[in-house]
Structure formats: structure tokens, C-alpha cells
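*Asks:* Provided herewith is a single structure, encoded as C-alpha cells, for subsequent inquiry.
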Amino acid sequence: MSNEQLVQRLIAQETKIDTQRLRTGKLESEEWPLFTHAVEVLGDTHMWLDDTPAITPLQLRTKCRRLHMEHNLDLIVIDYLQLMGSDSRNENRVQEVSHISRSLKVLARELNVPVLAGAQLSRAVEQREGKKPVLSDLRESGSLEQDADIVMFIHRPDMLEKDNPRQNIAELIVAKHRNGPTHPGIELVFLNNLAKFENAATFSGDFKDKKRN
Numbered sequence: 291m292s293n294e295q296l297v298q299r300l301i302a303q304e305t306k307i308d309t310q311r312l313r314t315g316k317l318e319s320e321e322w323p324l325f326t327h328a329v330e331v332l333g334d335t336h337m338w339l340d341d342t343p344a345i346t347p348l349q350l351r352t353k354c355r356r357l358h359m360e361h362n363l364d365l366i367v368i369d370y371l372q373l374m375g376s377d378s379r380n381e382n383r384v385q386e387v388s389h390i391s392r393s394l395k396v397l398a399r400e401l402n403v404p405v406l407a408g409a410q411l412s413r414a415v416e417q418r419e420g421k422k423p424v425l426s427d428l429r430e431s432g433s434l435e436q437d438a439d440i441v442m443f444i445h446r447p448d449m450l451e452k453d454n455p456r457q458n459i460a461e462l463i464v465a466k467h468r469n470g471p472t473h474p475g476i477e478l479v480f481l482n483n484l485a486k487f488e489n490a491a492t493f494s495g496d497f498k499d500k501k502r503n
């Protein structure tokens, strides 16, 4: 996802304006002040976006160390881990992903900053009864499971079962927690038009008529 696409989604979530209308610029007159305010809010968040293709762990570490020295980082987010490149050309992909995973662990400890990394799952989950992801579904490297302090999965049954009556309902599964309890599934609501998840326990809006992503 490019920086421009990510910013569009952030603005949609801040303003609650449909992402499609943001992309086309077809906003109502009363929505333009919301848009302007959202841009100002995001500009004040001190959020740095980097869409360097296939960034390597060494490149990431160099950039994060500089930003941390200048601005004291609070969080590093990777979207997603398997899209990163490798510092070595002599490894197979499993070894590369293991190296990337370990490098992120070292980076988190060095800077004392949490690193949140998205990861791709294997196709095995689609063949399993119930289709709920488990730790072994982490694709290409078992070291992801070993290195992570916390592993969470977002499970959307309606994406795998088209006739599922619970449309736009997701579960946040805490599959591993090194220093705390796991959880079988925290219920979330997916708002397709905003590309956003909300806590189902506190959500009071209407989502049932939203199209499936």
C-alpha cells in the first residue's frame, strides 16, 4: 500500500467519509471542513510513513534509529513482514523471513519500542474445519511464532463462508501472549466503507448493509 493510499484510509477513519468518495474527491460541502480538520490532525500526530519497496532490515534499522534519536519513536508498524527484502542474497525465503523476524526483535529491544508487524498466513487455514487461524499458519517461517511476544489474528468468517449470516463481524484472536493470557476471540465490527474495525461491544452504528470487502 502506498503512502497516498494509507493517508486516504486514515482520513476516512478520522472523518467517517466513505473511502470511495475520498478517492474521487466527490465530497459534500459540509464534508470539506471535516477533511481539512482531519489533515491538520494527522499532520500533528508525528507519524512517519515509508513505502520503500522491499525495504531490508538494515535499511529499516538505520531509518528507525535516526527517527528515534530525533523524535523518540513510540511505535513501529510493518505492513507487512513478508514484503520486506533481505540483507543477504544467499538464503532461501524461509531463512530470509527468519532473519527479518529476528532483526525486528533486536530492533524492538535496542530502541525499547514495540514493533507491530503484519504477516501473511498460509493457505492451510482455508482447508481447516471452522477456518480459524492458528500459530502454525504463519507463512514461510516458524520463527515468527517464536520471536513474537504477542500473536494476534483477525478472523472474518464472512470472507471464507459467503452464506455466513454474521456479515462484517470479525474476531480478534490472541493466539500467543508471552506475558499474559490468550483470548479465543474479541468480537469486532468491520466498516467496509471506512476500512476500519470497531469494538463490537461499544459500537452503536449500522453496519449490516455495508458491502463485503
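Start counting the sequence shown at 291; every next residue gets the next number (our numbering).
Ideal placement from N, C-alpha and C gives every residue a C-beta, glycine not left out.
My understanding is that Glu-477 touches Ala-465, with C-beta atoms under 8 angstroms, so please give their C-beta distance in whole angstroms.
*Replies:* Their Cβ separation, rounded to whole angstroms, is 16 angstroms, which puts Glu-477 and Ala-465 out of contact at 8 angstroms.
*Asks:* Taking only runs of the alpha helix (DSSP H) that begin and end inside the region 428 to 465, which ones reach a length of at least 4 residues, in chain order?
*Replies:* The qualifying runs are 433 to 437, 447 to 450.
*Asks:* Starting from Ala-398, trace the alpha helix (DSSP H) in both directions and tell me its first and last residue.
*Replies:* 383 to 401 is the extent of the alpha helix (DSSP H) around Ala-398.
*Asks:* Name the DSSP bridge partner or partners of Ile-307?
*Replies:* Looking at the DSSP assignment, Ile-307 forms no beta bridge with any residue, so it has no partner.
*Asks:* Name, in chain order, the residues that DSSP records as bridge partners for Ile-368.
*Replies:* Beta-bridge pairing links Ile-368 to Ala-407.
*Asks:* If I follow the unbroken beta strand (DSSP E) through Glu-318, where does it start and stop?
*Replies:* Counting along the chain, Glu-318 falls outside any beta strand (DSSP E), and DSSP gives it neither H nor E.
*Asks:* What are the boundary residues of the alpha helix (DSSP H) that Glu-360 is part of?
*Replies:* 347 to 361 is the extent of the alpha helix (DSSP H) around Glu-360.
*Asks:* Quick one: does Leu-324 have its CB under 9 angstroms from some CB of chain B?
*Replies:* Reference to chain B is not applicable here, since this structure consists of a single protein chain.
*Asks:* Do Ser-393 and Leu-434 count as a contact pair if the criterion is CB distance below 9 angstroms?
*Replies:* Not in contact: Leu-434 and Ser-393 (Cβ atoms no closer than 9 angstroms).
*Asks:* Pull the bridge partners of Glu-488 from the DSSP assignment, please.
*Replies:* According to DSSP, which records beta bridges pairwise, Glu-488 is partnered with Val-479.
*Asks:* Between which two residues does the alpha helix (DSSP H) containing Ala-344 stretch?
*Replies:* Premise fails: Ala-344 is in no alpha helix (DSSP H) and is neither H nor E.
*Asks:* Would you call Arg-481 buried or exposed, if buried means 16 or more other Cβ atoms sit within 10 Å of its Cβ?
*Replies:* It should be noted that the sequence gives Leu, not Arg, for residue 481. Buried.
*Asks:* Would you report the Cα separation of Val-329 and Ile-301, rounded to the nearest angstrom?
*Replies:* Distance between the alpha carbons of Val-329 and Ile-301 is about 7 angstroms.
*Asks:* Just reading off the alpha helix (DSSP H) that Val-424 is part of, what are its end residues?
*Replies:* Segment: none, Val-424 is in no alpha helix (DSSP H) and carries neither H nor E.
*Asks:* Please report the straight-line C-alpha distance between Glu-451 and Lys-421, rounded to a whole angstrom.
*Replies:* Between Glu-451 and Lys-421, the C-alpha separation is close to 9 angstroms.
*Asks:* Spatial neighbours of Pro-447 within its chain, please: CB distance less than 6 angstroms, with the 5 preceding and 5 following residues excluded, ordered by chain position.
*Replies:* For Pro-447, where only same-chain residues beyond five positions count, the Cβ hits under 6 angstroms are Asn-454.
*Asks:* Identify, in the order they occur along the chain, each residue of the same chain with its Cβ nearer than 8 angstroms to the Cβ of Leu-339, setting aside the five sequence neighbours on each side.
*Replies:* Correct list, in chain order: Asn-293, Leu-296, Val-297.
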